[in-house]
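**Q** Note that my numbering has the sequence shown beginning at 505, numbered continuously upward.
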Amino acid sequence: MKIDQPIKTANSGGGGNAFAHLGSVVAGMMFAWAILQQFLPPDLRAYVTKYSQRFLRYVYPYIQITFNEYTGERLMRSEAYLAIENYLSSAATTQAKRLKGDLVKNNQSLVVSMDDHEEVSDKHNGVKLWWASGKKESRRRASSFHADGVDESGYYKLTFHKAQRDLILGPYLRHVLKQGKEIRFQNRQRKLYTNNNWYWTHVVFEHPANFKTLAMDPSEKQEIINDLITFSKNEEFYARIGRAWKRGYLLFGPPGTGKSTMIAAMANLLNYDIYDLELTAVKDNTSLRRLLIETSSKSIIVIEDIDCSLDLTGQRKKAAKVEEVKDGEASNQAKRAEKDPDGEKASRVTLSGLLNFIDGLWSSCGGERLLVFTTNHIEKLDPALIRKGRMDKHVELSYCRFEAFKVLAKNYLEIDTHPLFDHIGKLLNEVDLTPADVAEHLMPKSASNNVEVCLESLVEALEEAKTAKLKGEEGTEEVKTETKDLVFVSGSPEGD
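Quick look at the structure:
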């Protein structure tokens, strides 16, 4: 960027010629200084440099801020740089002459940004400023992976008048970072992560589930949707009340009631990534904390079948029993517990470690995250694990009733009503059939299957389930009667 370029651009009319002349004078002085550097001694050169820079600060009325692509000791890619890159993408398409593009969202969307050594202008509250992109070289030290050499990294340079310092350093940069993060979030390719001890691996998340096709009562469904949307827009509320920006969901109910499908629908509604945490693959509490730190904001952390993932139920009672065992026996038990039946080391994640993961100090790392547990047996879970504040919302996904059936009929058969609906509704209220079982009967098995065939298949299954239920109840009554008679006979001989 030329030094006099912002001056020329920022002024017009008669005053513009004066500023242009001043810019030429400054440029001439810099050229003269470059020549003198070859002849001046080092001490005198440092002295002249010091005072020439002070002079230029009075003459040159602009401030420059550089945002490097990599920062920190580990040379992590800067979040500020990425946000600025996304923010400038809209301005670049209308102003820059050289652009660069990249594919996102499973190679389906093209994102364009300004190329290196390009410049675009921006306005904020009537104030004009300039963004320039560039590249710089840095010396790379030799390591076990790379030879000694030179690396290139990008940067963005912001130039603005010093009179606007407070406006630019405050509201404008906050605006740029917020908008850039939103654009990056909308353009990102969503992922499904799974863990191997302390690190994550991922695949592209493309599950088609949504709340419209989810088989459950419409009023309960809308309540969940409202809760999720309210959570995603309440960053300021969570900051005001002093809580981490997260929310816990406990999904419980029999197998086949749609717990995993609901998680996919939640991710699609909010456009979140999913981290599917397998606790049995986590070595210890330290590894669990490390996994939490590696998760991103705008994500769902899922532990499915929490009652089966680890032996977290009743640990407090077991601890009391262990204290009563002799030291030698306790030591032997501990050694046996370190290995599972297959001879491999078992996870040493504890209930305390899991609770800290959910709502301890480490849970505040990052923001805008949902924690979702699923279980088939809520009664097996420790009350401390599922209390409000940890699992804020408990959602029961139960057997298929008539309202949920109508959603499935619309999804699978594309019908809203049918003469068999009344009979099916009565049967669904009398027997317990999961949405997965109902959906299986509504699924066409051949090209010749039609609506009548599918609904009649469902009716037949419901009637069979009703018959089996009645037989089971009759058998139970007979057992109770026989038991009463046995008690009466055994107690009568000498009792009178």
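Idealized CB from N, CA, C, for every residue including glycine.
Give the DSSP-derived three-state secondary structure of L696 in the structure shown.
**A** Assigned with DSSP and collapsed to three states, L696 falls in strand.
**Q** So the alpha helix (DSSP H) T597 belongs to, where does it begin and stop?
**A** E583 to Q599
**Q** Which residues does DSSP list as the beta-bridge partners of R873?
**A** K750 and S803
**Q** Does DSSP classify T761 as helix, strand or coil?
**A** When DSSP states are grouped into helix, strand and coil, T761 belongs to the coil group.
**Q** Contact defined as beta carbons within less than 8 Å: I believe L781 pairs with I807. What is the distance between those atoms, to the nearest angstrom?
**A** For a cut-off of 8 Å, the C-beta gap from L781 to I807 is around 5 Å, short enough to register as a contact.
**Q** Hey, could you find the ends of the beta strand (DSSP E) Q542 is sitting in?
**A** Looking at the DSSP string, Q542 is not in any beta strand (DSSP E), and its letter there is neither H nor E.
**Q** Tell me where the alpha helix (DSSP H) around V708 begins and ends.
**A** It is not in any alpha helix (DSSP H) - V708 instead sits in the beta strand (DSSP E) that spans Y703 to V708.
**Q** So K750 packs on G757, CB below 8 Å; how close in whole Å?
**A** The Cβ separation is near 23 Å, so there is no contact.
**Q** Hey, out of A943, L603 and A940, whose CA is closest to A1016's CA?
**A** Residue 1016 cannot be examined here, being either before or after the span of the chain that is shown, 505 to 1000.
**Q** Anyone know if the C-beta pair for F861 and L796 falls short of 7 Å?
**A** A contact, by the Cβ cut-off of 7 Å.
**Q** Verify whether the separation of the beta carbon atoms of V615 and D606 is less than 7 Å.
**A** yes
**Q** Just to check my reading of the structure: V899 and L754 have Cβ atoms closer than 8 Å, yes? What is that Cβ distance to the nearest angstrom?
**A** 7 Å
**Q** Here's the rule: buried if 16 or more other CB atoms are within 10 angstroms of the residue's CB, otherwise exposed. What is V786?
**A** buried
**Q** Between D620 and R581, what straight-line distance do the alpha-carbon atoms span, to the nearest angstrom?
**A** 17 Å
**Q** Considering Cα atoms alone, identify which of V552, Q599, P545 and D547 is closest to M534.
**A** Answer by Cα proximity: V552.
**Q** Hey, how far is the Cα of T698 from the Cα of S736?
**A** In this model, T698 and S736 are separated by some 23 Å (Cα to Cα).
**Q** Does H927 come out as helix, strand or coil in the three-state DSSP assignment?
**A** helix
**Q** With DSSP collapsed to three states, give me the class of A636.
**A** strand
**Q** For the candidate residues R669, G929 and A595, whose alpha-carbon lies nearest to that of Y566?
**A** R669
**Q** Closest by CA to S528, which one among Y564, R905 and Q542?
**A** Y564
**Q** Starting from the Cα of E934, find the closest Cα among I778, E977, V624 and Y676 and give me that residue.
**A** E977
**Q** Using a 10 Å radius around the Cβ and a threshold of 16 neighbouring Cβ atoms, would you call E622 buried or exposed?
**A** E622 comes out buried.
**Q** Name the DSSP beta bridge partners of V624, please?
**A** The partner list for V624 (beta bridge, DSSP) reads W635.
**Q** In this structure, what does DSSP give as the bridge partners for I567?
**A** F664
**Q** Is the beta carbon of G684 closer than 7 Å to that of Y591?
**A** yes
**Q** Ignoring anything shorter than 3 residues, give me the beta strand (DSSP E) runs that lie fully in the region 774-801, in order along the chain.
**A** Complete beta strand (DSSP E) runs here, min 3: 777-780.
**Q** Leaving aside the five residues before and after K970 along the sequence, list all residues of the same chain whose C-beta is less than 8 Å from its C-beta, in chain order.
**A** L931, E934 and V935
**Q** Kindly list the residues whose CB is nearer than 7 Å to the CB of E907, restricted to its own chain and excluding five residues on each side of it in sequence; keep chain order.
**A** D721 and P722
**Q** Let me check understanding here. Comparing Cα to Cα, which of T854, G871 and G674 lies closest to D886?
**A** Nearest C-alpha to D886: T854.
**Q** Return yes when the Cβ of T799 is within less than 7 Å of the Cβ of L901, no when it is not.
**A** no
**Q** Quick one: Cα of E589 to Cα of P545, how far?
**A** 43 Å
**Q** Note down the Cα distance separating A834 from Y916, rounded to an integer number of angstroms.
**A** Only weak support exists for where A834 lies, its pLDDT of 43 falling under 50; the value from the coordinates is given anyway. Each residue's alpha carbon lies about 57 Å from the other.
**Q** State buried or exposed for Y562, treating a residue as buried only when at least 16 other CB atoms are found within 10 Å of its CB.
**A** exposed
**Q** In the DSSP assignment, what residue or residues form a beta bridge with N738?
**A** DSSP output for N738 lists no bridge partner at all.
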